[in-house]
Structures are given as structure tokens and as C-alpha cells.
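Asker: The numbers in this note's numbering rise by one with no breaks, and the one at position 39 of the sequence shown is 42.
Note that the Cβ used here is the ideal one computed from N, Cα and C, for glycine as well.
Here the structure is a predicted model, which means the values were calculated and not measured.
I am attaching a structure below and will ask some questions about it afterwards.
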Amino acid sequence: MLKSFKKYLSNTTSSHRVKSNAKCFKGTIPNSVLKKQIDIDMQLSGGCHPQSLGAKKLRCLPKLYRMRVSNGFRLLIGFDGQEWVSSGIYPRQYFTTLVNKRRR
4 MLKSFKKYLS NTTSSHRVKS NAKCFKGTIP NSVLKKQIDI DMQLSGGCHP
54 QSLGAKKLRC LPKLYRMRVS NGFRLLIGFD GQEWVSSGIY PRQYFTTLVN
104 KRRR
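Structure below.
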């Protein structure tokens, strides 16, 4: 499921695996959101399950979770091999559109 979902993601990666979708989001991601994403990524790499961090399972995509990082941003978390990794930070409006496209 994650591989079929990757075609909708065009993320760029930094040293902390912080990812953002540059095609849909023209602005910058606030530093507070990036700090939360790095903290969540560290906890995920430590072995925490996404639901223990407050993430919710996506019904249409069973191996993916969404997590509210702030009022305007959502974090997509997926299972990659043997560990949970964050797959990107998305603006709330685009995240909803992205999931709705996948449901069709």
C-alpha cells in the first residue's frame, strides 16, 4: 500500500528525515512544526507505535497514520520495512485532498 501511495508524494529530505511537499505548498513550514516533527521522528525511531503518540489510522490505507502537528499541518506516518517513519508534513487542506484522491 505504501508503494502505491508514494506516487502522490514528492518530498525532499533533510538530515532529520523532515519531508515537505514542495509542489502543493509554496510557503515555508514554521520552525515549531519542524521541531515537533523531529521529536515525533525520534520517538518513532525509538520504537514507539504511532497510536501511542496520538496518531490516527487512515481507514482507506491500513499501514498509514495521520497525526495533527498544528492547526494547519498534518504528518503522514508509514511503516517502512521494520520501522515507522514519517512520510511528510502536509498542509491540512492538501492532506485532505491527498487522502480523498487515494480513496477513489
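DSSP puts K59 in a beta bridge; with which residues?
Answerer: Bridge partners of K59: R69.
Asker: So who's on the other strand from F98, going by DSSP bridges?
Answerer: Answer is none; F98 lacks a bridge partner.
Asker: Would you kindly report the start and end of the unbroken alpha helix (DSSP H) that includes I41?
Answerer: Unbroken alpha helix (DSSP H) run through I41: N34 to S48.
Asker: Determine the burial state of Q96: buried for a count of at least 16 other Cβ atoms within 10 Å of its Cβ, exposed for fewer.
Answerer: Per the 10 Å Cβ criterion, exposed.
Asker: Straight-line CA distance for K59 to R71?
Answerer: Computed Cα separation, rounded: 9 Å.
Asker: If you count every other CB in all the chains shown that lies within 10 Å of the CB of D44, and 16 or more means buried, which is it?
Answerer: Result: buried.
Asker: Measuring alpha carbon to alpha carbon, tell me which of W87, S73 and Y68 ends up nearest L79.
Answerer: Nearest of W87, S73 and Y68 to L79, Cα basis: Y68.
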